[in-house]
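Position 215, counted from 1, in the sequence shown is what the numbering used here calls 215; the numbers after and before it change by one each time, with no gaps. Cβ coordinates follow ideal geometry from the N, Cα and C atoms, glycine included. Model, not experiment: these values are computed from the prediction.
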Amino acid sequence: MSAPLNASATTVGALLSGSTFEIPAYQREYAWETSEVQDFWRDLSGALEEDEYFLGLIIITGEEKRKHVVDGQQRLLTVELLAAALRHKAIEIGRSALADRIAATLLRSMDYTTDDVVARIRLTDDRADKTLQAIIDVGRIDPASLEKRSSSERLWKAYEYLAAQIAQGSEVETFRTLGLWAEFISERLYVAVFEHPDEATAYSVFEVVNTRGRELTTADLLKNYVLRHTEPAARMDRYLQWSAIAREFEQVGGGQGFVPYIRHVVNLSAGYVLPKDLYRHIAQVSDRNPDTTVNDLMAALDAYLPLYLQLLDPTFDGPADPEALGIFVALNELGIAAVRPLMLAIESTPDPVVGMTEVLRLIVKRMAVGNLGAGSVERRFADAAATVQAAGSWQPGVDMLRDMDHPRQDFVDQLVRRSYNRAVLTFIRRSIVTRSITPASIGTLQYIRPRKAESAAWSSFTDEEATFWASTLGNTILVDVDRRPPGAGSWTGAKERLLLPHAIPGEFTDLLSAEPEWTAEVVARVGGLLAEAAADVWY
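Below you can see the structure in the form of structure tokens.
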């Protein structure tokens, strides 16, 4: 029978003076930015003369004297930084007894077997711990030595802010305020402490609390769930494995792609899972066979990572061949992230490029004639990915998407008259010029009659015609300059300064140069020719 959960309310002074603590490396690093430290200071300073103030929940575990902090490390570390700032200010103004009391109660502990003075809170991340202990010991550090956006830098910035707040006011005011702060933290600042000697149980409490939607991200919750279902002896290796995968996404989108990657890998076995349900899904599946499920998930995250990084950035090294990379570029230019699990599944089937090509053709046809629909198409791609994965062939999955195909004439008719966003127009125009479904990223799209043009310069259009035809295929051209040249604000100026001198090779310059006037009828006619040329590529 497991030991019972111990839940109690206590002061921060009693908590820190009664034990020592360690923040495991696999816990979330110190993440508070200056704005959060400001909120912390504002809340506590506003309660400084109240009888009591509740700081929040702390979850700890471990049977040794040095406890592991499972949740609440951000608050505890910030209190520690505040205590360090109070101590250094007390030393500065000659209140050595108060400084010693703060150090003994909140910052340092005596190891009675060795007489060593040890830290009340220790980080197992060596670099961050070195920064924390330097702040506590001397209150100084060389900011240039700190890695940008690191836990160490955030610790130092938080300390700097808190120390600056304490330094405000006269020496007489500071003398009184330091004592008030020390008393407040030690005797009137309360926390709720959940303690259990079994780490897995402590993590369960952590998950129940944090899935209520407070401060942790899905990545934090998933990481802690995975670590909880890893044997203690292997937990550090598992943390390093997780961190190595997460770091790869820092190079692409600032780390925002990690959780979508996990979900897309899960799609391969589970089909569509809503983003908000990802944690719950993994937990429910894992409850049936926790060790196997977590091991399988981590193995899959390792296995698919090189290909997925190429989906995000086709310039990365990885297993995809050049034809597949061209398809990845095309999908990125069209902004279709939802198809990534299907690409992962197809890559491991026979003739994967053929399957990927079919999917790209279906996507472009649907975008030209109708719309993909964000939620529904994500579900369809995810379910198709699971079908491909189970069958070991891309054909059953692609067959599920055949209704995205459209007759050639519908494709042409819609391309002539529909308005599209710049990314879609650029991609279609490039496919026409290069006669390829994976066109090179050449040229910059310009609207021949600008969408916000002066009506007098384009008097051949009524206002209604200008609005209708502005973002259609026939009113565009690819040029080799990023900005419209001066003097190209009319049809004559556009021909002389933009279309003829700057059109990229393969553009319909002869056709355009023969037009004496740019009208709605000409846009429709040119659009028809371009639409037929596009159909030749995509059908």
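**Q.** N-terminal and C-terminal residue of the alpha helix (DSSP H) that residue 520 is part of
**A.** Counting from one through the sequence shown, the residue named residue 520 turns up at place 520. Unbroken alpha helix (DSSP H) run through residue 520: 520 to 538.
(Q) Cutting at 7 angstroms between CB atoms, please list the residues of its own chain near residue 540, excluding the five before and the five after it. (A) Examination of residue 540 is not possible in this model, given that the chain is present from 1 through 539 alone.
**Q.** Own chain residues within Cβ distance below 6 angstroms of residue 213, not counting five before or after
**A.** To locate residue 213, count along the sequence shown from 1; it is residue 213. Confidence at residue 213 is low in this model, with a pLDDT of 40, below 50, so the placement of that residue should be treated as unreliable; the coordinate-derived value is given next. Closer than 6 angstroms at Cβ, skipping near neighbours: no residue.
(Q) Does the structure place the stretch 277 to 297 close enough to the stretch 314 to 330 that three or more beta carbon pairs sit under 8 angstroms? (A) Pairwise C-beta distances place the stretch 314 to 330 out of contact with the stretch 277 to 297, as fewer than three of them are shorter than 8 angstroms.
Q. What did DSSP end up calling residue 122 once you bin it into helix, strand or coil?
A. On the sequence shown, residue 122 is found 122 positions in, with the first residue counted as 1. Note: residue 122 maps to strand in three-state DSSP.
Q.
Quick check on DSSP: helix, strand or coil for residue 211?
A. For the purposes of this step, residue 211 is taken as the residue at position 211 of the sequence shown. The predicted position of residue 211 is uncertain, since its pLDDT is 49 and thus under 50; a value taken from the coordinates is nonetheless stated next. Of the three classes helix, strand and coil, the one that applies to residue 211 here is coil, per DSSP.
(Q) Short of 6 angstroms in beta carbon distance, which residues of its chain neighbour residue 41, apart from the five on each side in sequence? Order them along the chain. (A) Residue mapping note: residue 41 aligns to position 41 of the sequence shown, counting from 1. Closer than 6 angstroms at Cβ, skipping near neighbours: 165.
Q) So is residue 521 buried or exposed if we call it buried at 16+ other beta carbons inside 10 Å? A) Working through the sequence shown from its first residue, we reach residue 521 at position 521. Residue 521 should be labelled exposed.
Q: Leaving aside the five residues before and after residue 525 along the sequence, list all residues of the same chain whose C-beta is less than 8 angstroms from its C-beta, in chain order.
A: In the sequence shown, counting from the first residue as 1, residue 525 sits at position 525. 474, listed in sequence order.
**Q.** Completely contained beta strand (DSSP E) runs for the stretch 63 to 125, where each covers 3 or more residues
**A.** 66 to 71, 108 to 111, 116 to 119, 121 to 123
**Q.** Close beta carbons around residue 235, own chain, < 6 angstroms, minus the five adjacent residues each side
**A.** Indexing the sequence shown from 1 puts residue 235 at position 235. Cβ within range, chain order: 227.
Q | For residue 368, the nearest candidate out of 19, 477, 75, 408 (CA to CA) | A | What you label residue 368 is simply residue 368 of the sequence shown in a count that begins at 1. Per the Cα distances, 408.
Q: Determine the direct distance from the alpha carbon of residue 144 to that of residue 15, and round the result to whole angstroms.
A: Position 15 of the sequence shown, counted from the first residue, corresponds to residue 15. Position 144 of the sequence shown, counted from the first residue, corresponds to residue 144. Each residue's alpha carbon lies about 34 angstroms from the other.
(Q) If I measure Cβ to Cβ from residue 157 and keep anything under 7 angstroms in the same chain, skipping five residues before and after, which residues do I get? (A) Counting from one through the sequence shown, the residue named residue 157 turns up at place 157. Excluding residues within five positions, the ones whose Cβ falls inside 7 angstroms are 34.
(Q) Rounded to whole angstroms, what is the Cα-Cα separation between residue 222 and residue 192? (A) Taking the first residue of the sequence shown as position 1, residue 222 is located at position 222. Taking the first residue of the sequence shown as position 1, residue 192 is located at position 192. Cα to Cα, the separation comes out at about 24 angstroms.
(Q) Taking the straight line between their C-alpha atoms, what separation do you get for residue 29 and residue 137? (A) What you label residue 29 is simply residue 29 of the sequence shown in a count that begins at 1. What you label residue 137 is simply residue 137 of the sequence shown in a count that begins at 1. Cα to Cα, the separation comes out at about 21 angstroms.
Q. Can you round the beta-carbon distance between residue 245 and residue 301 to whole angstroms, since I take them to be within the 8 angstroms contact cut?
A. Against the sequence shown, residue 245 aligns to sequence position 245. Against the sequence shown, residue 301 aligns to sequence position 301. Going by Cβ atoms, the distance from residue 245 to residue 301 rounds to 6 angstroms, so yes, they are a contact pair.
Q. Around the Cβ of residue 112, are there at least 16 other Cβ atoms within 10 angstroms (buried) or fewer (exposed)?
A. Position 112 of the sequence shown, counted from the start, is the residue given in the question as residue 112. With fewer than 16 Cβ atoms within 10 Å of its Cβ, residue 112 is classed as exposed.
Q: Please report the residue range of the alpha helix (DSSP H) in which residue 30 lies.
A: Stepping through the sequence shown from its first residue, residue 30 is reached at position 30. Looking at the DSSP string, residue 30 is not in any alpha helix (DSSP H), and its letter there is neither H nor E.
(Q) Tell me whether the stretch 338 to 352 and the stretch 442 to 454 touch, counting them as touching only if at least three CB pairs, one residue from each stretch, are closer than 8 angstroms. (A) no
Q: Assign residue 356 to buried or exposed, taking buried as 16 or more other Cβ atoms, counted over all protein chains shown, within 10 Å of its Cβ.
A: Working through the sequence shown from its first residue, we reach residue 356 at position 356. Under this definition residue 356 is a buried residue.
Q) Can you tell me whether DSSP reads residue 196 as helix, strand or coil? A) Numbered from 1 along the sequence shown, position 196 holds the residue referred to as residue 196. Residue 196: strand per DSSP, three-state reduction.
**Q.** Pairwise C-alpha distance: residue 432 and residue 533
**A.** Residue 533 sits at position 533 when you count from the first residue of the sequence shown. Residue 432 sits at position 432 when you count from the first residue of the sequence shown. Answer to the nearest angstrom: the Cα atoms are 6 angstroms apart.
Q.
Ignoring anything shorter than 3 residues, give me the beta strand (DSSP E) runs that lie fully in the stretch 213 to 287, in order along the chain.
A. none
Q: Thinking residue 189 and residue 12 are a contact (beta carbons under 8 angstroms), I'd like their distance in whole angstroms, please.
A: Here the question's residue 189 lines up with position 189 in the sequence shown. Here the question's residue 12 lines up with position 12 in the sequence shown. Between residue 12 and residue 189 the Cβ distance is about 5 angstroms, and since that is below 8 angstroms, they are a contact.
Q. Are residue 178 and residue 81 close, meaning C-beta to C-beta below 8 angstroms?
A. Position 178 of the sequence shown, counted from the first residue, corresponds to residue 178. Position 81 of the sequence shown, counted from the first residue, corresponds to residue 81. Contact flag unset, no.
Q.
Assuming residue 465 is part of the alpha helix (DSSP H), what are its boundary residues?
A. For the purposes of this step, residue 465 is identified with residue 465 of the sequence shown, where counting begins at 1. Its alpha helix (DSSP H) spans residues 463 to 469.
**Q.** Three-state class that DSSP yields for residue 56 in the structure shown
**A.** Here the question's residue 56 lines up with position 56 in the sequence shown. The answer is strand: DSSP assigns residue 56 an E or B state.
Q. So what's residue 135 in DSSP terms, helix, strand or just coil?
A. The residue given as residue 135 occupies position 135 in the sequence shown. Helix.
Q. For residue 22, does the three-state DSSP call read helix, strand or coil?
A. Taking the first residue of the sequence shown as position 1, residue 22 is located at position 22. Secondary structure at residue 22: strand, using DSSP grouped into helix, strand and coil.
**Q.** Contacts around residue 215, its chain only, beta-carbon distance under 6 angstroms, and the 5 residues preceding and following it disregarded
**A.** Taking the first residue of the sequence shown as 1, we reach residue 215 at position 215. Its pLDDT being 47, under 50, residue 215 is placed unreliably by the model, and nothing is read from it.
Q: Flag this pair as touching only if the stretch 87 to 96 and the stretch 59 to 76 have three or more C-beta atom pairs under 8 angstroms; answer yes or no.
A: Touching, no.
**Q.** Euclidean distance between Cα positions of residue 435 and residue 484
**A.** Looking up residue 435 in the sequence shown gives position 435. Looking up residue 484 in the sequence shown gives position 484. Each residue's alpha carbon lies about 26 angstroms from the other.
**Q.** residue 478 versus 299, 503, 497, residue with shortest Cα-Cα distance
**A.** One-based indexing of the sequence shown puts residue 478 at position 478. Nearest option by C-alpha distance: 503.
(Q) Going by beta-carbon coordinates alone, are residue 467 and residue 425 separated by less than 8 angstroms? (A) As a working mapping, residue 467 is identified with position 467 in the sequence shown. As a working mapping, residue 425 is identified with position 425 in the sequence shown. No; because the gap between Cβ atoms is not below 8 angstroms, this pair is not in contact.
Q) Which residues in the same chain have their Cβ closer than 6 angstroms to the Cβ of residue 7, if we skip the five residues on either side of it in sequence? A) Residue numbering aside, residue 7 sits at position 7 when the sequence shown is read from its first letter. Only residues of its own chain outside the window of five on either side were considered, and among them 194 have a CB closer than 6 angstroms to the CB of residue 7, listed in chain order.
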